[in-house]
Amino acid sequence: MTVSNILKQVFSDQKGGILISAHLGNFEVADRFLDAIDLHCKINLVTSDLEHSAIKNYLESVTRPASTNYIIIRENLSHIFEINSALLKNELICLTGDRYFEGNKCLEAELLGAPALFPSGPFLIASKMKVPIVFVYVMKEKGLHYHFYARLAGQVGSRDPQALLEKIYRKRIFHDEKISLPVV
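Residue 0 is where the sequence shown starts when you use numbering that gives the first Met the number 0, and the numbers rise one by one after that.
Right under this line is the structure:
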């Protein structure tokens with residue numbers, strides 16, 4: 000299945016989807032790939048209040064205007080309502096899956112032969128809302144040539160986030176595809 004087909008399948012289900020990225024590569028150019036595969040979708044980037052200003056200012060300085068909306072994590076949990084609303088409108092929610100903060104809820108799974116902690120948020124949302132998870136990242140090759148990778152994490156059949164995490168990480172249930180694009 001191609002990257003285009005993976006993402007189009009997410010939209011054809013009419014229930015939105017969760018994109019899990021990492022602090023790896025150049026995700027700030029992902030909107031150009033989404034434009035190239037003609038999705039015309041809205042991406043909601045979930046971020047902490049501390050990161051929001053720095054990310055927004057940086058992206059505005061180096062890229063063209065994007066169709067990205069920022070959902071800021073707040074102590075009053077209003078971000079949960081924004082996430083649910085976006086998913087109900089068949090929009091994408093992008094969260095990082097490689098960072099957790101002391102005191103936050105985490106899930107544990109074996110990764111590369113050792114126990115690893117993962118933030119529970121993306122898996123809780125996907126399991127409760129029964130939306131697909133797609134792992135995405137953009138890697139630079141040389142010059143201005145980038146690759147957009149997408150891995151569909153299989154079907155979300157459980158309302159148990161720990162079971163979902165284990166299904167994805169322990170059993171390695173995903174399909175890896177990429178597209179390439181020069182970004183100018």
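Yeah, the Cβ is synthetic: ideal placement off N, Cα and C, and Gly gets one too. Quick caveat, the model's predicted, so the values are computed rather than measured.
In three-state DSSP terms, what is residue i?
i       : result
Asn-75  : coil
Asp-12  : coil
Lys-7   : helix
Val-183 : Residue placement at Val-183 cannot be trusted, given a pLDDT of 45 that sits under 50; what the coordinates show is reported in the next sentence. DSSP places Val-183 in coil when its eight states are reduced to three.
Ala-21  : coil
Ala-149 : strand
His-174 : Because His-174 carries a pLDDT of 45, less than 50, the predicted location of this residue cannot be relied on, and the following value inherits that uncertainty. Strand.
For residue i, which option in the options has the closest C-alpha, if you only look at C-alpha atoms?
i       : options                               : result
Leu-162 : Ser-20, Lys-41 and Leu-123            : Correcting the residue type first, residue 162 is Ala in the shown sequence and not Leu. Nearest C-alpha to Ala-162: Leu-123.
Ala-125 : Leu-151, Leu-116, Leu-111 and Pro-114 : Leu-151
Ser-47  : Thr-95, Gln-13 and Gly-15             : Thr-95
Thr-67  : Phe-80, Glu-109, Leu-18 and Arg-73    : Leu-18
Lys-41  : Ile-71, Phe-10, Ser-20 and Ala-21     : Phe-10
Ile-72  : Val-45, Glu-107, Glu-90 and Leu-6     : Val-45
Leu-6   : Asn-89, Glu-74, Ile-79 and Phe-117    : Asn-89
Ile-91  : Gly-15, Glu-109 and Ser-3             : Reading off the sequence, residue 91 comes out as Leu, not Ile. Closest by alpha carbon: Gly-15.
Distance check for residue j and residue i, CA to CA, integer angstroms please.
i       : j       : result
Phe-147 : Ser-77  : 31 Å
Ile-132 : Gly-142 : 31 Å
Lys-186 : Lys-139 : No answer is possible for residue 186: the residues shown for the chain start at 0 and end at 183.
Asn-83  : Asn-43  : 11 Å
Cys-93  : Ala-113 : 26 Å
Ala-85  : Gln-8   : 17 Å
Gly-102 : Tyr-145 : 36 Å
Tyr-201 : Leu-111 : With the chain represented from 0 up to 183, any question about residue 201 goes unanswered, as that position is not in the structure.
Leu-106 : Ala-21  : 16 Å
Asp-12  : Tyr-136 : 22 Å
Does the beta carbon of residue i come closer than 8 Å to any beta carbon on chain D?
i       : result
Ala-152 : Of the chains in the structure shown, none is chain D; there is only one protein chain.
Inside the region 69-131 only - alpha helix (DSSP H) runs reaching at least 4 residues: With a minimum length of 4 residues, the continuous alpha helix (DSSP H) runs that stay inside the region 69-131 are 77-87 and 120-128.
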